[in-house]
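Structure first, commentary second.
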Amino acid sequence: MRRLYRTFRSFDRPSQVLMVNQFTINLGFYMLMPYLAAYLAGPLALAAWAVGLVLGIRNFSQQGMFLVGGTLADRWGYKPLIVAGCLIRVIGFILLACATSLPAILIASAATGFAGALFNPAVRAYLAADAGERRVEAFAVFNVFYQAGILLGPLVGLALTALDFRLTSLCAAGIFAILTIVQIKALPSAKPPASDNSVVQDWRTVLVNRRFLLFAVAMTSSYVLSFQIYLALPLHADRIADSPTAATGVVTAMFAVTGLVAIAGQLRITSWFARKWGNAGSLSVGMAVMAAAFLPLIVTTTTDQGNLAVNIAALLLTAAILAAATAAVFPFEMDTMIGLANGKLVATHYGLYNTIVGAGILLGNAVTGWLYSVAATQGRAELIWVVLLLTGTASASALFVLNRRGWLALDVGLGREVATSQ
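The numbering of the sequence shown is the working numbering, which starts it at 1398 and goes up by one.
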């Protein structure tokens, strides 16, 4: 923790504010969202299709609008989009607390998603600009705050939701309201280099960036694999546990392990990977580690290991390796993405990048869910883990090839290209 504190203090105030902001953003979001489906299906008595529609609208309004949010950030400046996104999320969470009809809930859900599409590209582009040559280190610290918010948010939300979900929603709105005010006062304005082109021309510039697009497609698998902490691994916990209570305990332990690995190990993992393989090389190695994370589950399911302790240990080991690999990949991923943008239209590039990744997650999760069902029906539980391992291996190979061709070795200093002022 001392190393984290010293590293955090070594950055300028804008970077520090953005890191703390991200912790608060995730705290407010994750104290609410994990319990939204249960609230909609329970107290509001919405049908399953309506619950799915609400969650789908939230996801689409964020993933589908990232390009718009990134474009606006590159044109209007980073701070206005960050503030606007937080303010819209305040409105969305208040609506969720008050809404009882499906149309109102859909509007609230869309607002919370669109808010993320506004501030996420702006936050990352601003951090890259302020950190300059220290981008990798900045994104490593940023990820610690990011993961800490994910770890603490559901715990706070669980305590509040036990009283009333509407109280949770209003508390989350209050957090974002405070965050909005703090950012207005504490975050310096930052405007990227002005573009003389139209929006369509800017989008064309991003869309013809072949190296960037290939990198985005190659990296999609990393998100599909890391997302299995929320999909395939909890399903496996239900399968191996001897009771629903035990399954809940295993899932809780899994989330605690992943959060603690990321928080405690992020800086050490980043510095070790950077020394051993460099920025671009760390991507393919980290992706290979992410693929290998599923080996313990392949072993235990292939041998039909019936020992509960062994099965749980394998699950937690997979989750820990996934968390470590994600921590290894993320800072270098952000740095490479920004480098491939050549320091121009950074937020727009990030917006398209996240849209591509979001589409990949949607497809990947649909296929994963189908495969898990087929594997369970046919008594081939190891099939899903083998497919995930092969998916990660293919992605690692693609990143290795891109690196060998020199397509990822771009170094762009952004720190001096963005003027900041109070």
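Ideal Cβ positions, reconstructed from N, Cα and C, are used throughout, including at glycine.
This one's a predicted model, so the numbers in the text were calculated from it and none came from an experiment.
My output table needs one value for residue i: the three-state DSSP class, helix, strand or coil.
| i | result |
| --- | --- |
| A1717 | helix |
| A1638 | coil |
| S1595 | coil |
| G1810 | For G1810, the predicted structure reports a pLDDT of 49, less than 50, and the residue's modelled location is therefore unreliable. A value from the coordinates is still provided. Correct three-state label for G1810: coil. |
| Y1627 | coil |
| D1527 | helix |
| A1690 | coil |
| D1732 | helix |
| V1605 | coil |
| D1471 | helix |
| Q1775 | coil |
| R1410 | helix |
| V1647 | helix |
| F1498 | One point to set straight first is that residue 1498 is Ser, not Phe, in the sequence displayed. Correct three-state label for S1498: coil. |
| G1656 | helix |
| R1672 | helix |
| M1430 | helix |
Whole-angstrom Cβ separation of residue i and residue j, contact assumed at under 8 Å?
| i | j | result |
| --- | --- | --- |
| P1589 | A1522 | 7 Å |
| T1602 | Y1432 | About 42 Å separates the two Cβ atoms, so there is no contact after all. |
| L1515 | A1505 | So it is not a contact: roughly 16 Å between Cβ atoms. |
| L1796 | L1680 | 5 Å |
| V1480 | I1581 | 6 Å |
| D1471 | L1742 | 5 Å |
| N1751 | F1463 | 4 Å |
| A1615 | S1792 | 6 Å |
| V1553 | L1424 | 7 Å |
| A1634 | A1644 | 5 Å |
| L1452 | G1466 | In fact, because the Cβ distance is near 20 Å, the residues do not count as touching under 8 Å. |
| S1618 | G1789 | 6 Å |
| A1570 | I1735 | 32 Å between Cβ atoms; not a contact. |
| I1374 | L1576 | Within the shown structure, residues of the chain are numbered from 1398 to 1819, placing residue 1374 beyond reach of any answer. |
Roughly how many whole angstroms lie between the Cα atoms of residue i and residue j?
| i | j | result |
| --- | --- | --- |
| A1744 | S1586 | 15 Å |
| A1559 | R1399 | 35 Å |
| A1447 | A1574 | 29 Å |
| P1518 | Y1543 | 15 Å |
| G1510 | M1430 | 11 Å |
| L1469 | F1729 | 25 Å |
| L1604 | C1483 | 28 Å |
| N1676 | T1733 | 8 Å |
| M1428 | W1674 | 37 Å |
| F1727 | A1721 | 10 Å |
| T1667 | A1717 | 16 Å |
| G1810 | D1593 | Here the model assigns G1810 a pLDDT of 49, short of 50, so the residue's position is not dependable, and the following value carries that caveat. G1810 and D1593: Cα-Cα distance of roughly 21 Å. |
| A1358 | R1665 | The shown model of the chain, from 1398 to 1819, leaves out residue 1358, and the question about it has no answer. |
| A1501 | A1435 | 18 Å |
| V1815 | I1781 | Here V1815 scores only 37 on pLDDT, less than 50, and its place in the model is too uncertain to base an answer on. |
| G1489 | L1499 | 14 Å |
| L1760 | F1562 | 31 Å |
| I1454 | V1654 | 31 Å |
| L1401 | A1528 | 16 Å |
| A1688 | I1578 | 42 Å |
| R1532 | G1803 | 20 Å |
| R1608 | L1737 | 7 Å |
| C1568 | R1486 | 12 Å |
| F1457 | I1753 | 12 Å |
| T1642 | T1765 | 25 Å |
| W1669 | M1416 | 22 Å |
| Q1775 | A1444 | 30 Å |
| G1461 | K1476 | 21 Å |
| S1818 | A1638 | Confidence in S1818 is poor, its pLDDT being 36 and thus under 50, which makes the residue's placement unreliable; the coordinate value appears in the next sentence. Rounded to the nearest angstrom, the two C-alpha atoms are 56 Å apart. |
| T1715 | A1725 | 15 Å |
| A1512 | M1731 | 21 Å |
| Y1627 | I1758 | 12 Å |
| L1799 | L1555 | 44 Å |
| I1491 | L1584 | 25 Å |
| A1685 | A1710 | 21 Å |
| T1698 | L1503 | 41 Å |
| N1606 | L1549 | 38 Å |
| R1410 | R1801 | 37 Å |
Does the Cβ of residue i lie closer than 8 Å to at least one heavy atom of the ligand ADP?
| i | result |
| --- | --- |
| S1623 | The model on display carries no ligand, and the ligand ADP is accordingly not part of it. |
Can a CB atom of chain C be found closer than 9 Å to the CB of residue i?
| i | result |
| --- | --- |
| P1693 | Here there is only one protein chain, and chain C is not present. |
| query | Are the stretch 1440–1451 and the stretch 1694–1709 touching, with three or more C-beta to C-beta distances below 8 Å? | reply | no
| query | Counting pairs of beta carbons, one from the stretch 1524–1540 and one from the stretch 1404–1423, are three or more of them closer than 8 Å? | reply | yes
| field | Validate contact between the stretch 1693–1700 and the stretch 1603–1623 using beta carbons, cut 8 Å, 3 pairs | value | no
| said: Under 8 Å, with one C-beta from each stretch per pair, do the stretch 1744–1759 and the stretch 1646–1664 reach the 3-pair mark? | reply: no
| task | Evaluate contact between the stretch 1762–1770 and the stretch 1650–1663, counting only Cβ atoms and requiring at least three cross-stretch pairs below 8 Å. | result | For the pair of segments examined, the stretch 1762–1770 was found not to touch the stretch 1650–1663: the number of CB pairs separated by less than 8 Å stays below three.
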